[in-house]
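Novice:
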Amino acid sequence: TEGQLKLLEAKGYKNKKVIFGIRPEDISSSLLVQETYPDASLGAEVVVSELLGSETMLYLKLGQTEFAARVDARDFHEPGEKVSLTFNVAKGHFFDAETEAAIR
1 TEGQLKLLEA KGYKNKKVIF GIRPEDISSS LLVQETYPDA SLGAEVVVSE
51 LLGSETMLYL KLGQTEFAAR VDARDFHEPG EKVSLTFNVA KGHFFDAETE
101 AAIR
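Numbered per the UniProt record's numbering, the sequence shown spans residues 1 to 104.
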């Protein structure tokens with residue numbers, strides 16, 4: 001968000017590498033959410049899809065980065081499938097790439 005960018009600049013992270021962290025429940029596979037926030041959407045490859053009753057945990061890979069997303073149980077995917085996901089960036093956190101300390 002704009003506020004997050006201002007915080008990063010104020011803390012001296014403009015044009016520096018940072019780590020973006022987000023909880024699995026703050027990643028959506030909903031088409032409606034993707035259409036509403038296309039700039040916060042990206043594609044990833046499913047590594048493992050685990051049905052857990054009312055939800056599915058997707059373990060994904062994007063380049064060299066692996067992450068998890070908690071999605072609706074009806075949104076089950078096979079390993080190797082490409083899926084589009086939307087990140088609720090307002091819920092994300094940034095970390096110093098060298099020290100891994102939270103940037104607040």
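Just so you know, even glycine gets a beta-carbon here, dropped at the ideal spot from N, CA and C.
1) Excluding the five sequence neighbours on either side, which residues of its own chain have a C-beta within less than 8 Å of the C-beta of VAL47, listed in chain order?
2) Does the count of Cβ pairs from the region 88 to 100 and the region 6 to 22 closer than 8 Å reach three?
3) Assign LYS82 to one of three DSSP states: helix, strand, or coil.
4) What did DSSP end up calling ASP75 once you bin it into helix, strand or coil?
5) One question on the structure: do residue 106 and VAL83 come within less than 9 Å of each other, judged by their Cβ atoms?
Specialist: The answer reads as follows:
1) TYR59, LEU60, LYS61, GLU66, PRO79
2) yes
3) strand
4) coil
5) No information on residue 106 is available, as it lies outside the stretch 1 to 104 that the chain covers here.
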